[in-house]
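In this note's numbering, the protein residues as written are 9 to 287.
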Amino acid sequence: MLKTRILTVLVLLPVFFGALFWLPSAPWQLLCALLAGLAAWEWARLAGFTGIVRAAYPGLTALIAALLIRFQPGMAMMAAMLIAASLFWLLLAPVWLRFKWQLRNAGLMNVLLGWSLLLPATLVLALFRDNPWQMLAVLAIAWVADSAAYFSGKAFGRHKLAPSISPGKSWEGVLGAAVAVISYVLLLPGKPLLFPVSEHFVTPVAQILLWIVVAVLLLAVSVIGDLLESLYKRQAGMKDSSNLLPGHGGVLDRIDSLLAMLPVAFAILVLSFLLSLPS
């Protein structure tokens with residue numbers, strides 16, 4: 009399994025890096041919309057859609073994503089959307105995990121929920137790519153956390169994080185991810201690319217503490233995203249969202265933490281930009 013996971017990564021990473029840094033804007037945005045369509049196809053399976061809804065949902069999702077990307081929302085609307093998505097992940101998703109609300113047989117709510125989960129992250133990926141290094145710095149948080157959690161959990165995992173949702177995840181894995189993410193943030197050159205530099209934090213120590221707090225917040229949100237998708241799969245009786253990515257499952261299995269983390273990360277960046285504007 010590990011060999012297959014590594015081989016898939018070795019194939020996908022060069023393709024992704026090439027697209028992120030060198031693909032023209034329009035094809036990149038189309039790629040993001042198609043990715044949303046693939047994720048929506050998996051969501052339709054998780055949510056138990058049938059008939060015309062299941063058949064139409066992936067294409068309709070890709071179309072909506074493409075239209076939203078084409079007719080880009082203004083900064084104020086984008087900020088509002090990112091804040092709304094952030095509130096979902098920070099406030100509602102933990103409650104969802106606590107009470108394990110059922111996803112299936114929820115009708116129209118599942119259609120809207122899928123769009124609420126997929127579209128904010130898709131828009132962020134498509135529209136905030138003007139500085140690819142900034143996007144890469146944010147994405148790397150999830151990758152560093154995922155890798156560190158996997159290996160530290162394998163090596164030291166004893167205490168289950170959420171055994172009824174995802175038995176393979178442990179508190180030791182989360183701790184390993186936290187250490188790795190904080191180390192990444194502290195060692196990252198050009199930190200303002202990733203996190204705000206606030207004039208209110210006048211000492212270097214205070215600024216570093218701010219970066220660490222934001223990094224831990226993003227880690228927590230990424231764990232919530234991972235657990236929420238695990239809950240949906242468990243309720244649907246599925247081990248993976250699909251088998252599109254050998255060794256990794258499906259698209260949702262790879263982007264579950266990003267669906268949560270990207271809106272929150274860029275909400276922080278947008279708000280820091282708006283607060284820095286002269287009054």
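Every residue, glycine too, gets a C-beta built ideally from N, C-alpha and C.
The beta carbons of Val182 and Val231 sit about 6 Å from each other, so the pair counts as a contact at 8 Å. About 5 Å separates the beta carbons of Gly161 and Ser178, which is inside the 8 Å limit, making them a contact pair.
DSSP places Leu236 in the helix class (H, G or I) of the three-state scheme.
The stretch 44 to 53 makes contact with the stretch 235 to 249: 3 or more CB pairs, one atom from each, lie closer than 8 Å. In the pairwise beta carbon analysis, the stretch 229 to 243 is classified as not touching the stretch 33 to 45: fewer than three pairs are separated by under 8 Å.
Nearest to Ala73 by alpha-carbon distance, out of Val152, Pro128, His167, Leu277, is Pro128. About 6 Å separates the CB atoms of Leu226 and Val272; that is less than 8 Å, so the two are in contact. In this chain, Pro254 is not harboured by any beta strand (DSSP E), its DSSP state being neither H nor E. Cβ neighbours of His256 within its own chain (closer than 7 Å, five residues either side excluded): Arg13, Thr16, Arg262. Put simply, the stretch 63 to 83 does not touch the stretch 137 to 154. Fewer than three CB pairs are less than 8 Å apart. Within its own chain, the residues whose Cβ lies closer than 7 Å to the Cβ of Arg166, once the five positions on either side in sequence are excluded, are Ser178, Glu180, listed in chain order.
Of the candidates Leu260, Ala223, Pro254, the residue whose Cα lies closest to the Cα of Val19 is Pro254.
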